[in-house]
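To start, the structure under review is shown below, and the notes come after it.
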Amino acid sequence: MQAWRVHELGEPKDVLTLEEIQTPRAAARELVVKVSAVAANFPDALLCRGQYQVRPPLPFSPGVELCGVVTEVGDDAGGWQVGDRVIGNPELPTGGFAEYAVLLGAKALPAPETLDDAEAAGLLIGYQTGWFGLHRRANLQPGETLLVHAAAGGVGSAAVQLGKAAGARVIGVAGGADKADYVRALGADVVVDRRTEDFVEVVNEVTGRRGTDVIYDPVGGSTYDRSTKCVAFEGRILVIGFAGGTIQAPPLNHALIKNYSIVGLHWGLYAVQNPALIAQCHAELTALAAEGTVKPLVSERLGLDAVADGVQRLADGRTVGRLVFLP
Ligand SMILES: NC(=O)c1ccc[n+]([C@@H]2O[C@H](COP(=O)([O-])OP(=O)(O)OC[C@H]3O[C@@H](n4cnc5c(N)ncnc54)[C@H](OP(=O)(O)O)[C@@H]3O)[C@@H](O)[C@H]2O)c1
0 MQAWRVHELG EPKDVLTLEE IQTPRAAARE LVVKVSAVAA NFPDALLCRG
50 QYQVRPPLPF SPGVELCGVV TEVGDDAGGW QVGDRVIGNP ELPTGGFAEY
100 AVLLGAKALP APETLDDAEA AGLLIGYQTG WFGLHRRANL QPGETLLVHA
150 AAGGVGSAAV QLGKAAGARV IGVAGGADKA DYVRALGADV VVDRRTEDFV
200 EVVNEVTGRR GTDVIYDPVG GSTYDRSTKC VAFEGRILVI GFAGGTIQAP
250 PLNHALIKNY SIVGLHWGLY AVQNPALIAQ CHAELTALAA EGTVKPLVSE
300 RLGLDAVADG VQRLADGRTV GRLVFLP
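In numbering that gives the first Met the number 0, the protein residues as written are 0 to 326.
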């Protein structure tokens, strides 16, 4: 089969190579799936650079979320059958940027019927992270204001849709006019182009200087620091990621003085600590997809040959919306 592999760490465009390798076989508890669609995520770039929390042995294939069809079921892999359409996070080093990948049966989820392959591939990391962040960690309430940074990105775009589905007023921040249009299409009530506007000023203006109740922050660094200038009394700032490249070190006296909470989220840890919640979240997302409330907005459907270029553009912040590769 064809697979993109990383033999040495570095920038995605330099270290990803498309190779012909052996098709994987299912060991105990595993499924082999024929990849129908694999979404690009920032962690794919971090994996290539060796900066992700998981460091698979070299060589490995990135590609951290996919939709595929089961072609082989290992012993004790659950009740899956050959031909089942599933979504899941592949077991590295056999990631999704390939014609076939390996999933743990216990972690695979049924692909929602109402979504096509490219959409279904994007329903996992971004939407699960958004659901756990907004509902479980930040307790977002109907009528509250939600500010989403990198709102045209993978996790951000999902948070915009889930915020609207929860009855919040959503302010989306994105870099550039194309991304701002995409965030509008997602349903955000207010869109801020951070290249031409200051999100703090916009938030204070549209909330009558009250500030925003929940802030969804996948960027970190100075974006986090500025967010503390427009967080509401009893607001919650969700620490989602550090796509800006700097991990902030906030002065905690500021959280005390302004009565806000700084809330961390590591979605992957729920698979270890409380996997039943992931299934519950998936059931709710599937229901929201069936009623049309959430639908990953795929902006580029590309062939497998476009992986290195696509992941590099994502790493550089040059993508608009979701990129999905269809092997
Ligand atoms: N906590 C969790 O459980 C969890 C789960 C999944 C992902 N994450 C993290 O969430 C972050 C976002 O992941 P993603 O896949 O959704 O990526 P993404 O949002 O598609 O891409 C990153 C976006 O961040 C913005 N950005 C701002 N400053 C940037 C800079 N200096 N360099 C690059 N981008 C910059 C850009 O959007 P604008 O130009 O529009 O601002 C860019 O498009 C990553 O750090 C990832 O590791 C965390």
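Where a beta carbon is used, it is the ideal one built from N, C-alpha and C, also for glycine.
Take residue i as the anchor and find which of the options has the nearest alpha-carbon.
| i | options | result |
| --- | --- | --- |
| residue 233 | 103, 23, 140 | 140 |
| residue 54 | 68, 6, 167, 37 | 6 |
| residue 25 | 246, 153, 103, 65 | 103 |
| residue 151 | 145, 248, 175, 130 | 175 |
| residue 0 | 91, 17, 300 | 17 |
| residue 155 | 237, 304, 247 | 237 |
| residue 86 | 73, 114, 120, 75 | 120 |
| residue 129 | 99, 295, 314 | 295 |
| residue 177 | 34, 252, 317 | 317 |
| residue 208 | 42, 291, 144 | 144 |
| residue 257 | 80, 194, 211 | 211 |
| residue 46 | 319, 322, 313, 31 | 313 |
| residue 193 | 146, 31, 184 | 146 |
| residue 182 | 9, 265, 321, 33 | 321 |
| residue 32 | 153, 124, 81 | 81 |
Could you give the first and the last residue of the continuous beta strand (DSSP E) run that contains residue i?
| i | result |
| --- | --- |
| residue 100 | 99 to 103 |
| residue 285 | It is not in any beta strand (DSSP E) - residue 285 instead sits in the alpha helix (DSSP H) that spans 274 to 289. |
| residue 145 | 144 to 147 |
| residue 259 | Residue 259 -> no beta strand (DSSP E), and no H or E assigned at all. |
| residue 328 | Residue 328 is absent from the structure shown; the chain starts at 0 and stops at 326. |
| residue 301 | 297 to 302 |
| residue 327 | Residue 327 falls outside the range modelled here, since the chain spans only 0 to 326, and no answer is possible. |
| residue 334 | Lying before the first or after the last residue shown, residue 334 is absent from the chain, which here runs from 0 to 326. |
Consult DSSP for residue i and reduce its assignment to one of helix, strand or coil.
| i | result |
| --- | --- |
| residue 317 | coil |
| residue 129 | helix |
| residue 167 | coil |
| residue 87 | strand |
| residue 43 | helix |
| residue 2 | strand |
| residue 96 | coil |
| residue 59 | strand |
| residue 198 | helix |
| residue 209 | coil |
| residue 307 | helix |
| residue 161 | helix |
| residue 270 | helix |
| residue 154 | helix |
| residue 33 | strand |
| residue 17 | strand |
| residue 8 | coil |
Within a Cβ cutoff of 7 Å, which residues of the same chain sit near residue i, ignoring the five residues on either side of it in sequence?
| i | result |
| --- | --- |
| residue 270 | 106, 277 |
| residue 287 | 164, 293 |
| residue 216 | 148, 222, 223, 226, 236, 237, 238, 239 |
| residue 60 | 2, 3, 4, 92, 93, 94, 96, 97 |
| residue 12 | 307, 308, 311 |
For residue i, which residues of its own chain have a beta-carbon under 8 Å away from its beta-carbon, when the five flanking residues on both sides are left out?
| i | result |
| --- | --- |
| residue 243 | 218, 219, 220, 221, 222 |
| residue 246 | 219, 220 |
| residue 186 | 159, 160, 163, 169 |
| residue 29 | 73, 76, 90, 101, 102, 103, 104 |
The alpha helix (DSSP H) spanning residue i covers which residue range?
| i | result |
| --- | --- |
| residue 14 | 11 to 14 |
| residue 24 | Premise fails: residue 24 is in no alpha helix (DSSP H) and is neither H nor E. |
| residue 179 | 176 to 185 |
| residue 231 | Where residue 231 is concerned, there is no enclosing alpha helix (DSSP H), although the beta strand (DSSP E) it sits in stretches over 230 to 238. |
| residue 223 | 220 to 226 |
| residue 64 | No alpha helix (DSSP H) contains residue 64, which is instead part of the beta strand (DSSP E) from 64 to 72. |
Looking only at its chain, what residues have a beta carbon closer than 6 Å to the beta carbon of residue i, apart from the 5 residues adjacent to it on each side?
| i | result |
| --- | --- |
| residue 126 | 157, 284 |
| residue 62 | 37, 94, 95, 96 |
| residue 303 | 324, 326 |
| residue 289 | 113 |
| residue 84 | 68, 110 |
| residue 188 | 168, 169 |
| residue 263 | 238 |
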